[in-house]
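Here the structure comes first, spelled out in structure tokens, and everything after it is commentary.
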Amino acid sequence: MAEKSFKYVILGGGVAAGYAAREFAKQGVKPGELAIISKELVAPYERPALSKAYLFPESPARLPGFHVCVGSGGERLLPEWYAEKGIALILGTEIVKADLASKTLISAAGESFKYHILIIATGSSVIRLTDFGVQGADAKHIYYLREIDDADKLVEAIKQKKNGKVVIVGGGYIGLELSAVMKLNNLDVCMVYPEPWCMPRLFTAGIAAFYEGYYAHKGIKIIKGTVAVGFTSDANGEVKEVKLKDGRVLEADIVVVGVGGRPLTGLFKGQVEEEKGGIKTDSFFKSSVPDVYAVGDVATFPMKIYNEMRRVEHVDHARKSAEHAVKAIFASEGTSVEEYDYLPFFYSRSFNLSWQFYGDNVGETVLFGDSSPTSENPKFGTYWIKDGKIVGAFLESGTPEENKAIAKVARVQPPADSLDQLAKEGITFACKI
Ligand code: FDA
Ligand code: NAD
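Heads up: the sequence shown begins at 250 in the working numbering, then just goes up one per residue.
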């Protein structure tokens, strides 16, 4: 089969790929030099939409509405944009073999792609219950959500199982966002997760108590401290029940599983240095192999502000790391670029709620504001304090100015003399910094 050759290849067609392409264009990439190879069938889009507006019952988001870079207020890159720039968008093409020594990628159909510089932007895949051998986990109507195809299957299931029962397995990002959107679709929703409170990798007990109370008020049932150990299905192989470890059995027409992601690094095993589950890079996203960069979910990079190697599975970093890597590639041809100095930023939205978090969630915490789940206008936050300094800040229902203020606090790390005073001042403290 014919071999294609490019100066630059981006492997993966997700968020990082799209933002990298825009930066390549800004840097003056020439027609024919750049290719994006993706197993998805559509041009890069803003993945966060899939667990939110894509599943809304009224006026759902659909492509081409949310192609990158609209999520950060930028230009929407339609497939025509890539064509105009002479960027090859090679879609529906899964790479099954990567040989970094000979700079060759091989697709499932046997095509061969050569590159001079490779950017790995393969993102993550979902962890499946079948990976742990959970009995009956291959039944029909058990769903996962990562790509637009998965979201389309969910849209179909919501139509088919009108007013049915949904069990959401997992209490992380997918669990919380999908429970809310399923409820908006008038389904009967029950969430199950093993921890004592939802989103334990970020939320404190105080933050979680608000969301759990709010969700309960919306009619979502929450079962904590147990896991799904099996599923029963009917004669058509469609899921009917979820069996829990504590012996309870839940009826289900649809199950959505969100029990975490796994960075897609398998193609490069043994060929490139890894750390903390990702591909190890320097501050310019260069891997241990010359001419190979890694960005987005798959990169473990120096988080300068905390002097530590970290991997981040969030969209803001996917966008910024991609842009930074491309700037670094062009810098080696003349201009200069600073080390990546990233301030972690995570966010989520569900119902009328919207929170943002900046910084590091370590140390003591102070909860402030009105965190009553039954308030008409809840607004609250939390500061994380380590070694006498504020290192992280969370805010629900902040204004754009207030969100900017908590970002500044996390970056500046002002001293926190009295926790009581901080609790009393709340967001006013951040707005003074
Ligand atoms: P991304 O997953 O976007 O792209 C990877 C691409 O590589 C895909 O196109 C994939 O098909 C392709 N690929 C992988 N292996 C391949 C192969 N072998 N051959 C060819 N192509 C291959 N974050 C946040 O901060 N706020 C939010 O609200 C959300 N919401 C959200 C919702 C949902 C449903 C998901 C799944 C994720 C989020 N996220 C999020 C996380 C965020 O979307 C994620 O961190 C970024 O998409 C990561 O960008 P990448 O480009 O690294 O991977
Ligand atoms: P997650 O890590 O946020 O949450 C996984 C949850 O599943 C945790 O609560 C975990 O303890 C629980 N769990 C683990 N095993 C379980 C089991 N056997 N039964 C029940 N629960 C179990 O992962 P996720 O929610 O699946 O999200 C997947 C990826 O998508 C992540 O990279 C995430 O960052 C990303 N994402 C981000 C956002 C956002 O930033 N707003 C939204 C959606 C998805």
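Beta carbons: idealized from backbone N, C-alpha and C, even for Gly.
Alpha-carbon to alpha-carbon, residue j and residue i
{"i": "P649", "j": "Y364", "result": "42 angstroms"}
{"i": "K352", "j": "V416", "result": "45 angstroms"}
{"i": "G263", "j": "A284", "result": "13 angstroms"}
{"i": "K683", "j": "E613", "result": "With the chain covering only 250 through 682, there is no way to say anything about residue 683."}
{"i": "G323", "j": "Y331", "result": "15 angstroms"}
{"i": "F315", "j": "G509", "result": "24 angstroms"}
{"i": "A274", "j": "I336", "result": "9 angstroms"}
{"i": "K253", "j": "S361", "result": "6 angstroms"}
{"i": "L668", "j": "R450", "result": "23 angstroms"}
{"i": "E587", "j": "K553", "result": "12 angstroms"}
{"i": "K470", "j": "A310", "result": "27 angstroms"}
{"i": "R559", "j": "Q605", "result": "20 angstroms"}
{"i": "K288", "j": "G261", "result": "7 angstroms"}
{"i": "K657", "j": "G630", "result": "15 angstroms"}
{"i": "I676", "j": "G320", "result": "26 angstroms"}
{"i": "P539", "j": "G507", "result": "36 angstroms"}
{"i": "P512", "j": "G382", "result": "20 angstroms"}
{"i": "A543", "j": "V476", "result": "34 angstroms"}
{"i": "G545", "j": "E405", "result": "30 angstroms"}
{"i": "K518", "j": "A350", "result": "13 angstroms"}
{"i": "I423", "j": "Y257", "result": "34 angstroms"}
{"i": "T514", "j": "K525", "result": "12 angstroms"}
{"i": "G281", "j": "F255", "result": "7 angstroms"}
{"i": "L340", "j": "V291", "result": "7 angstroms"}
{"i": "S482", "j": "E343", "result": "32 angstroms"}
Three-state secondary structure (DSSP) of residue i
{"i": "A337", "result": "strand"}
{"i": "Y607", "result": "strand"}
{"i": "I469", "result": "coil"}
{"i": "R568", "result": "helix"}
{"i": "I682", "result": "coil"}
{"i": "W446", "result": "coil"}
{"i": "V291", "result": "coil"}
{"i": "L516", "result": "helix"}
{"i": "P622", "result": "coil"}
{"i": "I429", "result": "In the sequence on display, residue 429 carries Ala and not Ile. A429 falls in the helix class under three-state DSSP."}
{"i": "Q276", "result": "coil"}
{"i": "Q384", "result": "strand"}
{"i": "V553", "result": "A small fix is needed here, since residue 553 is Lys in this sequence, not Val. The answer is helix: DSSP assigns K553 an H, G or I state."}
{"i": "S254", "result": "strand"}
{"i": "P664", "result": "strand"}
{"i": "D348", "result": "strand"}
{"i": "V521", "result": "coil"}
{"i": "R560", "result": "strand"}
{"i": "V615", "result": "strand"}
{"i": "G510", "result": "strand"}
{"i": "G641", "result": "strand"}
{"i": "G455", "result": "helix"}
{"i": "T342", "result": "coil"}
{"i": "Y542", "result": "strand"}
{"i": "G479", "result": "strand"}
{"i": "T631", "result": "strand"}
Residue i CB to nearest heavy atom of ligand 1 below 6 angstroms
{"i": "D546", "result": "yes"}
{"i": "A262", "result": "It is worth fixing the name first, because residue 262 is Gly in this sequence and not Ala. Yes, since a heavy atom of ligand 1 falls inside the 6 angstroms radius drawn around the Cβ of G262."}
{"i": "A370", "result": "yes"}
{"i": "L394", "result": "yes"}
Integer Cβ distance of residue i from residue j, believed to fall under 8 angstroms
{"i": "S428", "j": "R395", "result": "Their Cβ separation, rounded to whole angstroms, is 18 angstroms, which puts S428 and R395 out of contact at 8 angstroms."}
{"i": "P593", "j": "G608", "result": "6 angstroms"}
{"i": "I655", "j": "A642", "result": "4 angstroms"}
{"i": "I528", "j": "I369", "result": "6 angstroms"}
{"i": "R433", "j": "V541", "result": "According to the sequence shown, residue 433 is Leu rather than Arg. So it is not a contact: roughly 43 angstroms between Cβ atoms."}
{"i": "H573", "j": "Y589", "result": "5 angstroms"}
{"i": "S537", "j": "E557", "result": "Not quite, the Cβ-Cβ distance comes to about 18 angstroms (not below 8 angstroms), so this is no contact."}
{"i": "A571", "j": "Y268", "result": "4 angstroms"}
{"i": "V488", "j": "A388", "result": "4 angstroms"}
Residue i beta carbon near ligand 2 (any heavy atom closer than 6 angstroms)
{"i": "H563", "result": "yes"}
{"i": "Y442", "result": "yes"}
{"i": "E300", "result": "Per the sequence shown, residue 300 should be read as Ser rather than Glu. Correct: S300 has its Cβ closer than 6 angstroms to ligand 2."}
{"i": "S536", "result": "no"}
{"i": "V504", "result": "no"}
{"i": "S620", "result": "no"}
{"i": "Y422", "result": "yes"}
{"i": "V418", "result": "yes"}
{"i": "V508", "result": "yes"}
{"i": "S597", "result": "yes"}
{"i": "V430", "result": "no"}
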